[in-house]
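**Q**
In the working numbering, the protein residues as written are 2 to 173.
So, in structure tokens, the structure goes:
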């Protein structure tokens with residue numbers, strides 16, 4: 002909630018745990034590791050759209066633009082000093098942001114691992130659609146061939162009848 006951020010921004014010099022928590026948040030939002038996390042956080046969180054930006058964050062887009070940052074972010078959230086329990090004692094806002102950052106980073110990592118699998122599934126699905134289309138075309142062609150064959154048989158039978166009729170008439 003926006004009001005929780007106000008309490009976090011009130012620190013002149015925040016506890017180390019707060020800086021540890023906001024660093025991956027800012028890295029996700031800005032697409033680079035901030036040189037001065039606290040100054041960057043105060044500026045970013047003061048924007049009216051900050052909460053909406055977090056809520057509408059597109060992890061897939063982040064993975065496409067900045068895949069090289071995922072190992073860095075993973076190290077940040079797996080570091081022993083990235084402790085959400087301690088963050089909650091220092092600042093509820095830091096705790097909430099930490100939970101968001103950890104969940105978002107883990108989702109981005111999973112997304113990155115699944116991307117090749119999803120691409121392969123798309124390729125297979127398109128191939129399957131192509132096969133289905135070709136199968137439908139083959140069915141149409143087979144129906145046309147059968148229709149032509151039946152017509153040829155009917156025509157041949159009709160010609161045989163005419164020959165029999167002509168032969169019978171000539172014999173009379």
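Yeah, the Cβ is synthetic: ideal placement off N, Cα and C, and Gly gets one too.
Just so it is clear, the structure is predicted and the values come from calculations on it, not from any experiment.
Flag this pair as yes or no: are the beta carbons of residue 54 and residue 112 separated by less than 8 angstroms?
**A** Sequence index remark: in the chain shown, residue 54 carries index 53 (1-based). Sequence index remark: in the chain shown, residue 112 carries index 111 (1-based). 8 angstroms or more divides the Cβ of residue 54 from the Cβ of residue 112.
**Q** Classify residue 158 as helix, strand or coil using the three-state DSSP reduction.
**A** Reading the chain shown from its first residue, position 157 is the one you call residue 158. In the structure shown, residue 158 sits in a helix (DSSP, three-state: H, G or I).
**Q** Given this structure, state the Cα-to-Cα distance separating residue 148 from residue 155, to the nearest angstrom.
**A** Position 147 of the chain shown, counted from the start, is the residue given in the question as residue 148. Position 154 of the chain shown, counted from the start, is the residue given in the question as residue 155. Near 10 angstroms, if we compare the C-alpha coordinates of residue 155 and residue 148.
**Q** Please specify which runs of the alpha helix (DSSP H), each continuous and at least 4 residues long, are wholly inside the region 37-77, giving them in chain order.
**A** 38-46, 51-56 and 60-66
**Q** Can you look up residue 84 in the DSSP assignment and give me helix, strand or coil?
**A** Position 83 of the chain shown, counted from the first residue, corresponds to residue 84. Here residue 84 sits in coil by DSSP.
**Q** Where residue 39 and residue 128 are concerned, what is the direct C-alpha to C-alpha distance, given to the nearest angstrom?
**A** For the purposes of this step, residue 39 is identified with residue 38 of the chain shown, where counting begins at 1. For the purposes of this step, residue 128 is identified with residue 127 of the chain shown, where counting begins at 1. Going from the Cα of residue 39 to the Cα of residue 128 covers about 51 angstroms.
**Q** Using CA coordinates, which residue listed in 159, 23, 123 and 160 is at the minimum distance from residue 85?
**A** Here residue 85 corresponds to residue number 84 of the chain shown, with the count starting at 1. Closest option to residue 85, Cα to Cα, is 23.
**Q** Between the Cα of residue 226 and the Cα atoms of 43, 33 and 34, which residue gives the shortest distance?
**A** Not covered by the structure: residue 226. The range shown for the chain is 2 to 173.
**Q** List the endpoints of the continuous alpha helix (DSSP H) containing residue 19.
**A** Indexing the chain shown from 1 puts residue 19 at position 18. If you look at residue 19, you'll find it in the alpha helix (DSSP H) that goes 17-31.
**Q** Assign residue 100 to one of three DSSP states: helix, strand, or coil.
**A** Within the chain shown, the letter at position 99 stands for residue 100. DSSP places residue 100 in helix when its eight states are reduced to three.
**Q** Would residue 63 pass as a contact of residue 109 if the rule is Cβ separation under 8 angstroms?
**A** Within the chain shown, the letter at position 62 stands for residue 63. Within the chain shown, the letter at position 108 stands for residue 109. Yes.
**Q** For residue 116 and residue 106, I'd like the C-alpha separation in whole angstroms.
**A** The residue labelled residue 116 in the question sits at position 115 within the chain shown. The residue labelled residue 106 in the question sits at position 105 within the chain shown. Their Cα atoms are separated by approximately 15 angstroms.
**Q** Relative to the C-alpha of residue 65, which residue among 29, 97, 87 and 46 is closest?
**A** On the chain shown, position 64 is the one that residue 65 refers to. Comparing alpha-carbon positions, the option among 29, 97, 87 and 46 lying closest to residue 65 turns out to be 29.
**Q** So, is residue 21 buried or exposed, given that buried needs 16 or more other C-beta atoms within 10 angstroms?
**A** Locating residue 21 in the chain shown gives position 20, where the first residue counts as 1. Residue 21 comes out buried.
**Q** To the nearest angstrom, how far is it from the Cα of residue 19 to the Cα of residue 88?
**A** Taking the chain shown and counting its residues from 1, the one referred to as residue 19 is at position 18. Taking the chain shown and counting its residues from 1, the one referred to as residue 88 is at position 87. Each residue's Cα considered, the two are about 6 angstroms apart.
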